[in-house]
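In the UniProt record's numbering, the protein residues as written are 1 to 413.
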């Protein structure tokens, strides 16, 4: 029995390879069951919690026990399973135990929670009933083929940069921060572009499905956002990088599972101590909890895909990376709160502060910690089996034909 459990949770190359369709079915079927149970109005909360244990366990363990055989698909499955587990676990367990709410959610609520990472939904007015604020109406001004065009644009970038990235071995990436630090700084820009493209290539097919299935082939570009909005190049703070321009696939889950419970517990504890600043302090702790959950997700992804025997050498690096970024975001908020006392608005909003110093701070901080994010994924070799790469022969030929082309690529050139 001990051998079976050890083998099952070894993860990495020890996982079963049933094929991508079956892997997707292994977490989609229990997720559907969990949705059916949570939307049921007849079952009691206790009964729902009992029924939720097997499917929640299956959703969480699917990426650890099974592999699609392709790193990009395995990444998508691990992200989906972690996200679904957090959100559904909160509905079944945290909300009833912490807030005293029943384990219930209407289907339209789950719908908005699922699509909120890509779509804005009109919010109800918070004004009094006698002075209602009409919900914002989004005008559909684009068609489904615009999404196809965006997908094609990102596919071309993915193909070219992915072909370049395929020249690097895992060892090239692991040794780069120490042996080629200047090149590693430049590679940060390309990695930022590739990640931007990767998540948009995940987001646009979802958007296309919604556009065709729910919206009749048209949509509002004001209502729908790309999964990633070039965070590395257009963010002027770490907070904007993570809260606005980085992908929001985990946003609802991290808020529900991390931010709200932490803020609730912290604020209640501080209120009992009659601390007047309980609300802002609890908000800061809630922010740190979101980054903590992001670190946990990345630890989970790395563990599932490289296996315990290798993961134990990288354990905690993702947590360190995201926890430090959480502290940095809190630091930025404190500076923003203090700055008006010492600097005028014209200075705070000046080009030097807003677009130079803040970006230098963000990029420098990101660069100094980047290795802790990339190490586990570099060992995994996520980029080795990128789909597409139709331009790979031409990209390799180009770098082989130019002077010093080999210095711009990895050892596989």
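Ideal placement from N, C-alpha and C gives every residue a C-beta, glycine not left out.
Q) Taking DSSP as the reference, what is the three-state secondary structure of residue 390? A) What you label residue 390 is simply residue 390 of the chain shown in a count that begins at 1. Residue 390: coil per DSSP, three-state reduction.
(Q) Please give the ranges of any alpha helix (DSSP H) in the region 243 to 307, keeping only runs that are unbroken, at least 4 residues long and fully inside the region. (A) Runs of the alpha helix (DSSP H) inside the region 243 to 307: 251 to 254, 260 to 272, 278 to 306.
Q) DSSP three-state call for residue 48: helix, strand or coil? A) Here residue 48 refers to the residue found at position 48 of the chain shown. Reduced to three states, the DSSP call for residue 48 is helix.
Q. For residue 211, which three-state DSSP category applies?
A. On the chain shown, position 211 is the one that residue 211 refers to. Helix at residue 211.
Q: Might you give, ordered along the chain, the residues of its own chain that have their beta carbon closer than 7 Å to the beta carbon of residue 370, omitting 5 neighbours on each side?
A: The residue you call residue 370 lines up with position 370 of the chain shown. The residues are 188.
**Q.** Length at least 4, wholly inside the region 333 to 377: the alpha helix (DSSP H) runs in chain order
**A.** You should have 345 to 348.
Q | Among 387, 81, 281, 252, the one whose alpha carbon lies nearest that of residue 333 | A | Along the chain shown, read from residue 1 onward, the residue named residue 333 stands at position 333. That would be 281, whose Cα lies nearest to the Cα of residue 333.
Q) Distance, Cα to Cα, residue 3 vs residue 10? A) Here residue 3 corresponds to residue number 3 of the chain shown, with the count starting at 1. Here residue 10 corresponds to residue number 10 of the chain shown, with the count starting at 1. For residue 3, the pLDDT reaches just 44, beneath the cut-off of 50, and the residue's location in the model is therefore unreliable, leaving the point undetermined.
Q: Following the continuous alpha helix (DSSP H) through residue 383, name the residue where it begins and the one where it ends.
A: The residue given as residue 383 occupies position 383 in the chain shown. Where residue 383 is concerned, there is no enclosing alpha helix (DSSP H), given that its DSSP letter is neither H nor E.
Q: Find the nearest neighbour of residue 433 within the set 337, 375, 321, judged by alpha-carbon distance.
A: Lying before the first or after the last residue shown, residue 433 is absent from the chain, which here runs from 1 to 413.
Q: Tell me whether the beta-carbon of residue 30 lies closer than 8 Å to the beta-carbon of residue 77.
A: As a working mapping, residue 30 is identified with position 30 in the chain shown. As a working mapping, residue 77 is identified with position 77 in the chain shown. Not a contact, by the Cβ cut-off of 8 Å.
Q: Let me know the secondary structure DSSP gives residue 143 once reduced to three states.
A: Your numbering for residue 143 matches position 143 in the chain shown. Three-state result, residue 143: strand.
Q) Any idea if residue 74 is buried or exposed, counting beta-carbon neighbours within 10 angstroms, 16 or more meaning buried? A) In the chain shown, counting from the first residue as 1, residue 74 sits at position 74. With 16 or more Cβ atoms within 10 Å of its Cβ, residue 74 is classed as buried.
Q.
Just to confirm my understanding: we take residue 217, look at its own chain, exclude 5 residues before and 5 after, and list those with CB closer than 7 Å. What are they?
A. Counted from its first residue, the chain shown places residue 217 at position 217. Short of 7 Å from the beta carbon of residue 217, and not among the five residues preceding or following it, lie these beta carbons of its own chain, in chain order: 143, 144, 211.
Q) Quick one, are the C-beta atoms of residue 51 and residue 89 less than 8 Å apart? A) The residue given as residue 51 occupies position 51 in the chain shown. The residue given as residue 89 occupies position 89 in the chain shown. In this structure, residue 89 does not lie closer than 8 Å to residue 51 by Cβ.
Q) Does residue 68 get closer than 8 Å to chain B when you measure Cβ to Cβ? A) This model lacks chain B altogether; it includes just one protein chain.
Q) What residues are listed by DSSP as bridge partners for residue 454? A) As shown, the chain starts at 1 and ends at 413. That puts residue 454 outside it, with no answer to give.
**Q.** Close Cβ partners of residue 239 (< 8 Å) along its chain, the five nearest in sequence each way excluded
**A.** Taking the chain shown and counting its residues from 1, the one referred to as residue 239 is at position 239. Correct list, in chain order: 329, 332, 333.
Q) To the nearest angstrom, how far is it from the Cα of residue 184 to the Cα of residue 270? A) Within the chain shown, the letter at position 184 stands for residue 184. Within the chain shown, the letter at position 270 stands for residue 270. If I take the Cα positions, the gap works out to 44 Å.
Q. Is residue 267 closer than 8 Å to residue 259 when the C-beta atoms are compared?
A. Numbered from its first residue, the chain shown carries residue 259 at position 259. Numbered from its first residue, the chain shown carries residue 267 at position 267. No, Cβ-Cβ distance for residue 259 and residue 267 is not below 8 Å.
Q. Between which two residues does the alpha helix (DSSP H) harbouring residue 171 extend?
A. In the chain shown, residue 171 corresponds to position 171, counting from 1. Counting along the chain, the alpha helix (DSSP H) containing residue 171 begins and ends at 170 to 179.
Q | Cα-Cα separation, residue 53 to residue 37 | A | If you number the chain shown from 1, residue 53 lands on position 53. If you number the chain shown from 1, residue 37 lands on position 37. Their Cα atoms are separated by approximately 12 Å.
Q | Span of the alpha helix (DSSP H) around residue 115 | A | Here residue 115 refers to the residue found at position 115 of the chain shown. From DSSP, the alpha helix (DSSP H) with residue 115 extends over 107 to 115.
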